[in-house]
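Read top to bottom, the protein sequences are chains A and B.
Using our numbering, read the first sequence as starting at 2 and increasing by one per residue.
Using our numbering, read the second sequence as starting at 7 and increasing by one per residue.
Yeah, the Cβ is synthetic: ideal placement off N, Cα and C, and Gly gets one too.
Structure first, then comments.
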Amino acid sequence: MANISGKVYGLTILSPIIEDNRLEICHSMELRWYLSQLPRDCRSPFAQLSSTYLARLVVMDDVVFVGHPAHEDHLKSRYLIFESNFDGDLDTYLRRMATETKEFVEAVWKHCVGFPGTNDVAAFLAYMKKCQLNTTFYFADVNDQTVESTLTALKTQAALAHFMEKHEGMPAAELQRAFREFYQRLSKSPALPRGGNQLRDIRQEKIPHD
Amino acid sequence: MTNLNGKAYAMNAITPMKPWKTPILKAFFFILGVVKPLQKDLKNLSFIHFARWVSVGRHSLPHLSEQQPHEDLTYDYLLFFSNFNGTWNQYIDAFSSVLYRGLDAIWFWSEKYPGSRPVTAFKRYIALVQFDTDYYYNVYPHSATNDVKAALRVHDALAAFARTSQSLSPADFGKAWLELKATVAPDLGSTGIAPEGT
Chain A
2 MANISGKVYG LTILSPIIED NRLEICHSME LRWYLSQLPR DCRSPFAQLS
52 STYLARLVVM DDVVFVGHPA HEDHLKSRYL IFESNFDGDL DTYLRRMATE
102 TKEFVEAVWK HCVGFPGTND VAAFLAYMKK CQLNTTFYFA DVNDQTVEST
152 LTALKTQAAL AHFMEKHEGM PAAELQRAFR EFYQRLSKSP ALPRGGNQLR
202 DIRQEKIPHD
Chain B
7 MTNLNGKAYA MNAITPMKPW KTPILKAFFF ILGVVKPLQK DLKNLSFIHF
57 ARWVSVGRHS LPHLSEQQPH EDLTYDYLLF FSNFNGTWNQ YIDAFSSVLY
107 RGLDAIWFWS EKYPGSRPVT AFKRYIALVQ FDTDYYYNVY PHSATNDVKA
157 ALRVHDALAA FARTSQSLSP ADFGKAWLEL KATVAPDLGS TGIAPEGT
């Protein structure tokens, strides 16, 4: 199935946006305004949906005219594109969206045609599946990991680099003792924040881990 | 810029295709999915976290209510979404110089596609069919694809070392430590800071 590569699921949702000419501010503009204010780091709703690697929301206004002699097509609705790459299965992911990021889902999809809300989770799942497009070809460079195991590996890498730098040239017996403590601490230390933190200018390897 | 989040760039593109060409493209993608060696160049480039092509029939756009007007399109459409590291120009240049055969086989079926070489016409076409991202989330904004792969190798090497070094004498531990350092040294660096702008 082209939506899946190893442990990774590639979800593509295309939801028609409500068109209402009576409104002063149209739904697509309100939606864009909301998305522009939404945090993109560890405060993002996708950081709560802990199995998300990368996700995007895009308002598609129209299709593209590539020039003559091609025919000029136009859409009659605008569409919200939701593209997500996550580990695990689709039903669990959508169910978590409806229950764990309820406010966010309501704020986004209330602008879309036929959105049933999130109180009835089964109806929400059915709605999202109606809007789902099957992927024709999906490529995931690393597809045998979960978000959790990837973040653990990134934490390990940064911590080991720091440990090696700090203990350079230490006698073997002391080093062995220090390593045992380091490895125990490492396994108990919290995972890296999903989505990074606000201080984006602090690079990961500069954050002390031990 | 919303197309960027840390080291990842979100690209969206849409191209029109005459409906009779869609099954041919789908057959090509089927072969590409089944014959893994054909993905070798894509894999070796090692700067794309995830990418997908989605073919949408002109009558297949979701229709959810009688109030929603029915679409009346001439073409089928090919959507392309990519999550890559680096700048837009680096990405398109790499496509044109390394992946040109595969890309031409994919986009050849789209209207007015000029080919991926020379790169100037290719860039003009991609700029025309691309549209911007309104919201982009990245779980590891500080990490490129190569950083992730390196971290996984380091994690495995360290886990193996922790397992095997438990009962070693200090002298043997010292030797094993040097071996570990030599093994992981190439993977402890960083591939650099995130790009600014395009």
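Three or more Cβ pairs closer than 8 Å define a contact, and the region 40 to 51 of chain B falls short of that threshold against the region 131 to 149 of chain B.
Contact annotation: the region 132 to 148 of chain A touches the region 54 to 73 of chain B, with at least three C-beta pairs closer than 8 Å.
For Arg-169 of chain B, the uninterrupted alpha helix (DSSP H) segment begins and ends at 151 to 170.
About 5 Å separates the beta carbons of Asp-142 of chain A and Thr-151 of chain B, which is inside the 8 Å limit, making them a contact pair. The C-alpha of Thr-13 of chain A is placed about 5 Å away from the C-alpha of Glu-84 of chain A. Annotated as distal: Leu-164 of chain B and Leu-105 of chain B, with beta-carbon spacing of 9 Å or more. Glu-77 of chain B sits buried, since 16 or more C-beta atoms from the chains shown fall within 10 Å of its C-beta. Judged by their CB atoms, Leu-24 of chain A and Val-145 of chain B are not nearer to each other than the 9 Å cut-off. In the DSSP assignment, Phe-164 of chain A falls within the alpha helix (DSSP H) that extends over 148 to 167. For Gln-49 of chain A and Gly-68 of chain A, the gap between their C-alpha atoms comes out near 43 Å. The beta carbon of Ala-157 of chain B sits closer than 8 Å to those of Ser-149 and Asp-193, all from its chain and outside the five residues before and after it, given in chain order.
Residue range 176 to 190 is occupied by the alpha helix (DSSP H) that includes Gly-180 of chain B. Shown here for Thr-153 of chain A: same chain residues with a beta carbon closer than 7 Å to its own, the five before and five after excluded, namely Ala-192 in chain order. If you draw a straight line from the Cα of Val-60 of chain A to the Cα of Tyr-35 of chain A, it comes to about 12 Å.
Asn-50 of chain B and Cys-27 of chain A have their C-alpha atoms spaced approximately 45 Å apart. It is roughly 34 Å from the alpha-carbon of Ile-18 of chain A to the alpha-carbon of Gln-96 of chain B. Taking C-beta atoms as the reference points, Gly-197 of chain A and Asp-74 of chain A fail to come closer than 9 Å. Of the other Cβ atoms in all chains shown, 16 or more fall within 10 Å of the Cβ of Glu-117 of chain B; this residue is therefore buried. Within 7 Å of the CB of Phe-138 of chain A, the CB atoms of chain B belong to Phe-35, Leu-38, Gly-39, Arg-58 and Trp-59, in sequence order along the chain. Following the DSSP letters along the chain, one finds Phe-87 of chain B in no alpha helix (DSSP H) but inside the beta strand (DSSP E) bounded by residues 82 to 91. Leu-184 of chain B is classed as exposed because its beta carbon has fewer than 16 other beta carbons within 10 Å across all chains shown.
Looking at the backbone, the Cα of Met-98 of chain A and that of Ser-51 of chain A are separated by about 10 Å. Taking all protein chains in view, the Cβ of Asn-89 of chain B is crowded by 16 or more other Cβ atoms within 10 Å, so the residue is classified as buried. For Tyr-97 of chain B, there is no enclosing beta strand (DSSP E); the enclosing alpha helix (DSSP H) covers residues 94 to 104. The beta carbon of Phe-114 of chain B sits no closer than 9 Å to any beta carbon of chain A. Gln-74 of chain B is not a Cβ neighbour of Gly-118 of chain A, given a cutoff of 9 Å. For Pro-17 of chain A, the beta-bridge partners assigned by DSSP are A:Tyr-80.
Going by DSSP, Leu-58 of chain A is part of the beta strand (DSSP E) stretching over 53 to 61. In this structure Lys-8 of chain A is in contact with Asp-145 of chain A, their Cβ atoms being roughly 6 Å apart against a cut-off of 8 Å. For the C-beta of Tyr-143 of chain B, the chain A residues within less than 8 Å are, from N- to C-terminus, Arg-41, Ser-45, Phe-47, Ala-48, Thr-53, Leu-55, Ala-56, Arg-57 and Gly-196. Chain-order list of chain A residues neighbouring Tyr-81 of chain B: Val-64, Ala-71, His-72 and Asp-74, by C-beta distance under 9 Å.
A direct Cα-Cα distance of roughly 21 Å separates Leu-95 of chain A from Pro-40 of chain A.
Trp-113 of chain B and Thr-100 of chain A have their C-alpha atoms roughly 40 Å apart.
In this structure, B:Ala-19 is the residue among B:Ala-19, B:Asp-162 and B:Leu-70 with its C-alpha nearest to the C-alpha of Tyr-83 of chain B.
Secondary-structure assignment with DSSP links Val-62 of chain B through a beta bridge to B:Tyr-83.
Taking a Cβ-Cβ cut-off of 7 Å, Leu-44 of chain B has no neighbours in chain A, whose nearest Cβ is about 11 Å from it.
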